Amino acid sequence: MNIRKILLLALIISTAMACSDDDEDEGFGLRVSPSEDYISRTPGSIVSFTFSAQSKEPLARYRVIETINSNSQRSLKDISISGKNYSDFFDYEVPDTFGFGNHQIKILFSTFDVTGTEMQRAKFINVRVTDRPLSEYGSFTMYSSASNQFDAFDLIKGTPKYSSDTTAHIRDLSVNDTTGLLSKTWTSEAPNINFLKFNDFDYGNATSQSVKTAYDAGIKNDTIRNLDENDIILTKVDNKYMAIKLIFVTDQTGVDNDRYIFTVKR
19 MNIRKILLLA
29 LIISTAMACS
39 DDDEDEGFGL
49 RVSPSEDYIS
59 RTPGSIVSFT
69 FSAQSKEPLA
79 RYRVIETINS
89 NSQRSLKDIS
99 ISGKNYSDFF
109 DYEVPDTFGF
119 GNHQIKILFS
129 TFDVTGTEMQ
139 RAKFINVRVT
149 DRPLSEYGSF
159 TMYSSASNQF
169 DAFDLIKGTP
179 KYSSDTTAHI
189 RDLSVNDTTG
199 LLSKTWTSEA
209 PNINFLKFND
219 FDYGNATSQS
229 VKTAYDAGIK
239 NDTIRNLDEN
249 DIILTKVDNK
259 YMAIKLIFVT
269 DQTGVDNDRY
279 IFTVKR
């Protein structure tokens, strides 16, 4: 046999072996689309995943786990399956509750066959937050402190309180005297809470960064006076910046119905 025939035979054998190996290696396992392991997305966006599994043994279980910033973990899917092949399609919504900075979400796809053998494939979603629109809550009502009604408010939970509750973030300062006048003055019994009245602030388009920038640049006080309808008040509670807009300031005869109605963006 001449050299050319030997080389040709060797090439045929090696090609056949490579094809056989490739078929075996590529025929089983997990495939997830998008194909990139690291994906950059913005808060609130959608990542459309396509998943497929092929196993030598019958499959028994399919699981998808979400881990945010290597900390909180949540099960997105955990179901029983059967057969040696399985496919899935689902849309994952990137959370829009992140604070400023860089964040990473790990989406771990797993299958388990009837012998307990696990196959895994992870995708990582990188999220960078430089700003986000604030959500509006309300309207809320806070009464005069000269009345017997709720005269203070929790800005984080959005719940009315009495001024005797020192965990309230804002409270009215009306005096129970013969005038029956609404003080139109707010303060806070909670520590380190200050206020900035800024009626030129763009409340309608408020974002985390725009509130922070305006609040940090302004002159703040622990008591704010001469409140009126359409006033905009900026404050910070537990490192959360927020904007308050007064809708109505009602001062009627007597004190029982004297109140503020407002919305909060945070």
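Sequential numbering from 19 applies to the sequence shown in the working numbering.
Virtual Cβ for every residue (Gly too), placed ideally from N, Cα, C.
Keep in mind that this is a model prediction, so the values were computed, not measured.
Task: Residue span of the alpha helix (DSSP H) that contains T231, given as start and end - done: 226 to 235
Task: Distance, D183 Cα to F158 Cα - done: 18 angstroms
Open item on the list: Considering just the uninterrupted stretch of the beta strand (DSSP E) at N180, what are its terminal residues?
Closed with: Note on identity: in this sequence residue 180 is Tyr, with Asn being the wrong assignment. Where Y180 is concerned, there is no enclosing beta strand (DSSP E), given that its DSSP letter is neither H nor E.
Open item on the list: Tell me which residue opens and which closes the beta strand (DSSP E) that G156 is part of.
Closed with: 154 to 161
Task: Between the CA atoms of S66 and Y104 - distance to the nearest angstrom - done: 17 angstroms
Open item on the list: Taking the straight line between their C-alpha atoms, what separation do you get for I262 and I250?
Closed with: 6 angstroms
Task: Close-in-space but distant-in-sequence residues of the same chain around E207 (CB under 6 angstroms, 5 per side omitted) - done: T184
Open item on the list: Let me confirm a value: F108 is counted as buried when at least 16 other C-beta atoms fall within 10 Å, else exposed. Which label applies?
Closed with: exposed
TODO: Taking all protein chains shown into account, decide if R277 is buried (16 or more other Cβ within 10 angstroms of its Cβ) or exposed.
DONE: buried
Open item on the list: Let me confirm a value: S7 is counted as buried when at least 16 other C-beta atoms fall within 10 Å, else exposed. Which label applies?
Closed with: There is no way to answer for residue 7, as the model of the chain reaches only from 19 to 284.
- [ ] Could you name the residues that DSSP lists as bridge partners for K141?
- [x] I125
Open item on the list: If contacts are defined as beta-carbon pairs under 8 angstroms, then I123 and V112 qualify, I think. What distance do you get, rounded to the angstrom?
Closed with: 7 angstroms
Open item on the list: Our contact map puts V273 next to S192 with C-beta atoms below 8 angstroms; I'd like the distance itself, whole angstroms only.
Closed with: 7 angstroms
Open item on the list: Beta-carbon within less than 7 angstroms of P76's beta-carbon, same chain only, minus the 5 sequence neighbours each way: which residues are those?
Closed with: S100, G101, K102, D131, V132
Task: V229 and E247 closer than 8 angstroms at C-beta - done: no
Task: Whether N166 touches K202 by CB criterion (8 angstroms) - done: no
Open item on the list: Please list the terminal residues of the continuous beta strand (DSSP E) segment that includes Y285.
Closed with: This structure cannot speak to residue 285, because the chain is shown only from 19 to 284.
Task: The beta strand (DSSP E) enclosing K215, as first and last residue numbers - done: 213 to 215
Open item on the list: Does F168 come out as helix, strand or coil in the three-state DSSP assignment?
Closed with: coil
Open item on the list: My output table needs one value for V147: the three-state DSSP class, helix, strand or coil.
Closed with: strand
- [ ] Tell me whether D220 is buried or exposed, calling it buried when 16 or more other Cβ atoms sit within 10 Å of its Cβ.
- [x] exposed
- [ ] Per DSSP, which residues does D240 bridge with? Please list them.
- [x] Beta-bridge pairing links D240 to no other residue.
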